[in-house]
């Protein structure tokens, strides 16, 4: 039986090359395919006080939910998986060959569903449940069982933000003691102060990271803060905030303790599947 496991996760994305860029991609001895991926493009999960686009009317898919672009991206990722691993997966396949697990968050379940739709169209008649005249969808899509865990706050496999006093203490230690971070924050004090005055709340390195994410998403939807900046000025602000994003991205997990406590169960689940 073909073995494939999929986990939907916030922090990792493992497939990122096309066939032409992957000339030595030999899968002839492959026994197990495990894919850990992030959710697709989403709407912002929150907004600063003065954000002109925080009303739900601007986000028809829902606050924090998968966007149309995200749905498309995940479906195409699924097609890419099929393209790269078709020799291993085979032309005849079953949903029963796949173990799929997702965070209970809506955008994650939808992302995994989209990937599976792209990777596993029901080509075999026995898995088709519709026809040309009735339920055409059944010829191109098949449902997959997706395992999840509730409540989300207790998910130790796919919730890297789960409450953990030891991990939180280690995280504060990083930001309280790291000289590089302190120098970076000092260098960006003026930027943070200027943005604080505009957004209506105090901005530190972490809120700067979050604001970078929000502005990037809003600009992708052609939403600009016209009351405060020209489009070019806002794009320049995003470029400056990107440095805060990279700094926090580098250091949020910069501790073996955090890595073990936040990602240990995820790695453990993956490793147990190999043996």
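Residue numbers (mature numbering (1 follows the signal peptide of the UniProt record, and there is no 0)): -16 to -1, 1 to 259. Ideal Cβ placement from N, Cα and C applies to all residues, glycine included.
For the 8 angstroms CB-CB criterion, residue 165 and residue 235 form a contact.
Looking at the DSSP output, residue 147 sits in no beta bridge, so it has no partner there. The beta carbons of residue 17 and residue 83 sit no closer together than 8 angstroms. Under a 10 Å Cβ-count criterion, residue 242 is classified as buried, with 16 or more other Cβ atoms of the shown protein chains found around its own Cβ. Rounded to the nearest angstrom, the gap between the Cα atoms of residue 12 and residue 36 is 54 angstroms.
8 angstroms or more divides the Cβ of residue 88 from the Cβ of residue 105.
Boundaries of the beta strand (DSSP E) harbouring residue 84: 82 to 86, taken from the DSSP string. In this structure, the CA atom of residue 53 is about 28 angstroms from the CA atom of residue 146. Around the beta carbon of residue 191, 16 or more other beta carbons sit within 10 angstroms, so the residue counts as buried.
Residue 21: member of the beta strand (DSSP E) spanning 17 to 21, first to last residue.
For residue 47, there is no enclosing alpha helix (DSSP H), as DSSP gives it neither H nor E. In the three-state reduction of the DSSP assignment, residue 131 falls in the strand class, which pools E and B. Rounded to whole angstroms, the Cβ separation of residue 51 and residue 26 is 6 angstroms, and the two are in contact under 8 angstroms. Note: residue 91 is not bridge-paired with any residue in the DSSP secondary-structure output. Residue 152 has its alpha-carbon roughly 13 angstroms from the corresponding atom of residue 240. Under the DSSP assignment, residue 252 falls in the alpha helix (DSSP H) whose first and last residues are 240 to 258. Annotation: residue 236 is outside any alpha helix (DSSP H) and is labelled neither H nor E by DSSP. Boundaries of the alpha helix (DSSP H) harbouring residue 52: 52 to 73, taken from the DSSP string. If you look at residue 167, you'll find it in the alpha helix (DSSP H) that goes 163 to 171. Across the structure, residue 143 and residue 245 are spaced so that their CA atoms are roughly 11 angstroms apart. If you ignore the 5 residues before and after residue 155, its C-beta comes within less than 8 angstroms of the C-beta of 236, 239, 242, all in its own chain and listed in chain order. Between the C-alpha atoms of residue 102 and residue 170 there is a straight-line separation of about 47 angstroms. In this structure, the beta-carbon distance from residue 207 to residue 218 does not fall below 8 angstroms. Boundaries of the alpha helix (DSSP H) harbouring residue 189: 189 to 204, taken from the DSSP string. If you draw a straight line from the Cα of residue 205 to the Cα of residue 231, it is about 26 angstroms long. Taking a cut-off of 8 angstroms on C-beta distances, the segment 222 to 230 touches the segment 184 to 204, as three or more cross pairs fall below it.
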